[in-house]
Amino acid sequence: MKNMNKIQPNKIRNFLTLMVITLTLFTGIQSKNASANQAFSFSPYIDLTNQGLPGKSWLPPLSNPSQSDELLFADDSGKLYRATGQKIEAEPIFDFVSHLKEYSPIRFTAIALHPNFHLLDQEGSKTIYTAHIEAFNKESTNDRLQSATEDVTYSHDAVVLEWQINNTKVNDITLTQVREVMRIATTSDAIDINHLAFNPLLKSWDEDFGLIFIALDADPAFETEPLYSGAILRINPQKFGSINYSIPPNNPFIATQEVNDEIVVLGAKKISNLLWTKYTKSNVILTHEYDDKTLMSMVALGNDLIKVPPVNNIYQSENSVISLSNQYYSGRDLTHVRNKFLILSNQADNWILESIALNQPLSPKTEVTLSNSDFSTMSKLSLHTPRENEVLLLDQSNSVIYKLTASLVKTKAPLELIPSTESVKDITLDTQDKETIYKIAIGAAIAVILLILYFIKRKYQRLFSKTKTLLRSNYARFRFDEETNKVSFYKRHQSGVDKVIPIEDIYSSEVFLNEKSIGSVTSTKGQNFNNERDKEMRRVFEEEHRHKMVDRKVRKINIKLFTNKGEEVLVCAYLREGNQRFTRETFHVVIEYVLDWQWYLSIQLHEDETPERAPKLISQKPRNRPIKAQVKSTQPPVNQQANVDTSQVAPDVAPAITPEHEVNEDLVDSLSTLVTLKEKGYLSEEEFIAAKSRILIPNNDTPTNK
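Numbering of the sequence shown is given in my numbering, commencing with residue 218 and proceeding in unit increments.
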């Protein structure tokens with residue numbers, strides 16, 4: 218309130234006037250934008266015919282994670298091409314078939330990059346996976362997955378290979394290693410692996426990170442056989458000893474004898490795509506033809522669609538099977554369809570682009586109708602999102618790649634793509650000026666708001682302190698109960714529990730000191746807590762505590778927890794700026810509690826791997842700084858050391874400090890730590906008194922008990 222009293226009335230008036238003007242301007246812009254919508258069109262992006270590459274059958278394009286502006290294209294003959302920007306190189310940068318002469322002739326059907334493709338010295342670095350179909354070789358000694366029925370005649374093998382290369386940044390790419398991962402016997406070259414995919418939402422610390430999904434087409438003659446019913450397989454493709462791959466222990470059909478252990482979903486029939494969203498991490502969005510209908514189904518691992526038809530359908534065709542391609546859009550450019558599925562299908566003699574939200578299943582909205590003059594229903598079209606902020610349309614029939622673009626239009630009617638290219642161009646030009654004006658106005662409003670915020674920050678730093686926002690936006694403390702195995706979280710200034718999470722839902726805890734990670738415990742094998750990590754964290758904490766809290770220096774301890782339900786919970790356990798502490802507990806008390814928590818979680822996640830905790834040691838370093846106390850009094854100075862009664866300090870009670878005293882927070886922290894250790898039984902009464910004396914007495918002499 219002292220700062221507020223200093224604000225002059227004219228400054229308040231000017232500030233409020235400026236704020237009203239800004240809000241009025243911003244509201245007007247928003248009202249204009251509210252009446253505008255996004256009109257979509259497909260504009261040519263890469264013309265493969267101009268590069269001398271017509272007539273090829275292309276696999277889905279891939280984004281090169283090592284080079285942000287590059288796309289990788291593979292065709293069914295096994296050649297890999299690179300496109301930089303909107304230009305594709307005429308010569309392939311790598312030829313898979315040239316390294317597999319003994320397997321010729323073959324047809325490539327799918328390709329995928331390992332999630333760690335762009336990371337050096339990581340498992341999966343510079344690793345590509347391909348699937349192809351080849352003639353069945355009865356003499357081959359390679360392990361095969363095949364039907365348990367003995368009277369099946371096989372004609373082909375669907376094969377998954379792993380390729381390790383040196384890099385993709387140069388044209389002179391060399392092969393480091395190639396090996397066979399999996400081989401599945403099939404009765405026709407039409408029964409192939411049409412999709413290889415890694416769940417792109419998983420992080421390196423997730424249990425299922427690096428597992429590859431393999432979609433195998435159904436064989437109409439054996440649709441009741443699990444392997445040939447339209448199955449999705451999931452394996453760890455890394456070599457395990459002499460075995461080419463390993464089976465994840467949480468695959469759902471391991472205990473079912475009649476189903477291959479590799480299978481995670483069966484009975485889907487003809488599969489064309491696998492998708493994941495951030496809202497459905499544990500499920501797969503499956504695009505497939507099922508009982509003469511095209512479906513988008515959300516299936517859980519372990520679903521048997523032979524016995525129970527798909528029930529969680531997001532989209533389905535009205536009548537007979539239609540040609541459909543879909544992607545989930547999570548980019549920034551196409552705001553109207555963000556976090557929605559884009560579905561391209563040929564209906565009523567037209568190609569139609571629809572959008573549908575996950576929370577509104579079976580309610581697609583038509584976004585644009587493509588004219589027959591541009592895209593014939595006989596064309597083979599497919600949607601792809603190799604980069605987060607762009608949607609590409611691959612026209613296999615004409616070897617052209619289009620990019621989905623949007624322009625703002627003011628309309629009340631449903632949006633349609635104008636048949637001719639010139640008309641689309643006219644719409645874009647007609648709305649371009651309006652869009653530019655809107656952008657300039659929004660930019661100006663944002664600039665004014667930023668200027669206001671900067672003014673407020675400079676003048677009234679205490680009112681808008683960034684430090685305090687950490688406590689307002691996150692939890693200020695947490696408590697774990699070893700009897701109920703539940704963790705409770707509290708907001709600042711709240712005595713009631715705001716959130717409760719069972720301990721079995723937490724699989725990771727990471728501790729940060731001043732935004733720097735100093736230790737973690739996760740469910741991954743070997744990521745348990747131990748005495749060495751305890752010692753190292755204490756050393757880091759003590760090193761930080763030795764630094765003086767000068768000026769506006771901030772000291773904070775954060776704990777980030779991850780749950781199996783995809784939640785991230787952040788707790789700001791300690792926060793201090795300069796000489797002001799915003800959290801309840803002192804630095805050393807928080808340290809002990811954080812370490813107790815890491816030990817507790819480690820035991821829950823790694824009971825067999827977590828060692829016995831070593832006894833805590835009390836620092837015996839002398840306190841060279843005396844207690845500073847200046848008392849305004851006419852009485853002669855009193856010997857402070859002689860009046861200290863080391864046996865009468867009550868737990869959790871600090872000496873009363875009047876305004877005339879200068880607070881020594883290090884002293885309070887040290888005393889509070891001693892009290893906590895004594896309450897937990899780590900110190901006897903004699904040890905407690907001796908340690909307290911060393912802190913309170915200015916010199917290093919310990920009083921002798923007589």
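Quick reminder that beta carbons are idealized off the backbone N, C-alpha and C, glycines included.
- Rounded to the nearest whole angstrom, the CA to CA distance from Lys273 to Phe558 is 28 Å.
- Counted as a single uninterrupted DSSP element, the beta strand (DSSP E) harbouring Leu559 occupies residues Lys557 to Gln564.
- With respect to the C-alpha of Ser889, the residue from Val788, Ile669 and His805 having the closest C-alpha is His805.
- About 16 Å separates the beta carbons of Leu587 and His601, which is beyond the 8 Å limit, so they are not a contact pair.
- In the three-state reduction of the DSSP assignment, His601 falls in the strand class.
- Counting C-beta atoms within 10 angstroms of its own C-beta, Met595 has fewer than 16 neighbours from the protein chains shown and is therefore classed as exposed.
- Take Asn563, set aside five residues on each side of it, and the residues of its chain with a beta-carbon closer than 7 Å to its own are Ile539, Ser540 and Thr594, in chain order.
- Assignment of beta-bridge partners to Asn530 by DSSP yields Ser514.
- When DSSP states are grouped into helix, strand and coil, Leu667 belongs to the helix group.
- Rounded to whole angstroms, the separation of the alpha carbons of Ser572 and Tyr545 is 9 Å.
- In the DSSP annotation of this structure, the continuous segment of the alpha helix (DSSP H) that includes Ile808 starts and ends at Phe804 to Leu822.
- Here Ile323 is buried, its C-beta having at least 16 other C-beta atoms within 10 Å.
- Here Gln577 is exposed, its C-beta having fewer than 16 other C-beta atoms within 10 Å.
- In this structure, the straight-line span from the alpha carbon of Leu670 to that of Arg769 is close to 19 Å.
- Every beta strand (DSSP E) of 3 residues or more that sits fully in the stretch 768 to 805 is shown, in chain order, as 771 to 780 and 785 to 794.
- Within 10 angstroms of the beta-carbon of Ser542 lie 16 or more other beta-carbons, which makes it buried.
- At least 9 Å separates the beta-carbon of Ala693 from that of Arg772.
- Per DSSP, Ala908 is not a residue of any beta strand (DSSP E); the alpha helix (DSSP H) it occupies stretches across Glu902 to Leu913.
- The C-alpha of Lys752 lies about 31 Å from the C-alpha of Gly783.
- Across the set Ser547, Ala365, Tyr507 and His710, the C-alpha of Ser547 shows the shortest separation from the C-alpha of Tyr496.
- Distance between Ile560 and Ile723, taken at the CA atoms: about 36 Å.
- Between Glu475 and Asp425, the alpha-carbon positions lie close to 24 Å from each other.
- Under DSSP, no beta-bridge partner is assigned to Trp493.
- Ile654 and Gly660 have their C-alpha atoms some 10 Å from each other.
- As DSSP reads the structure, Ser725 sits in a beta bridge with Thr739 and Phe779.
- The three-state reading of DSSP puts Phe758 in helix, counting H, G and I together.
- Shown here, Glu571 sits in a strand according to DSSP, grouped into three states.
- In this structure, the alpha-carbon of Ser372 lies about 5 Å from that of Phe353.
- The DSSP-derived three-state label of Leu265 is helix.
- Here the stretch 467 to 487 lies against the stretch 425 to 440, with 3 or more beta-carbon pairs under 8 Å apart.
- Here His505 is buried, its C-beta having at least 16 other C-beta atoms within 10 Å.
- Straight-line spacing of the CA atoms in Ala407 and Asp374 works out to 11 Å.
- Taking every protein chain shown into account, the CB of Ala908 has 16 or more other CB atoms within 10 angstroms, so this residue is buried.
- Between Ile776 and Leu787, the C-beta spacing is below 9 Å.
- DSSP places Trp380 in the uninterrupted beta strand (DSSP E) bounded by His373 to Ile382.
- Across the structure, Pro454 and Glu340 are spaced so that their CA atoms are roughly 11 Å apart.
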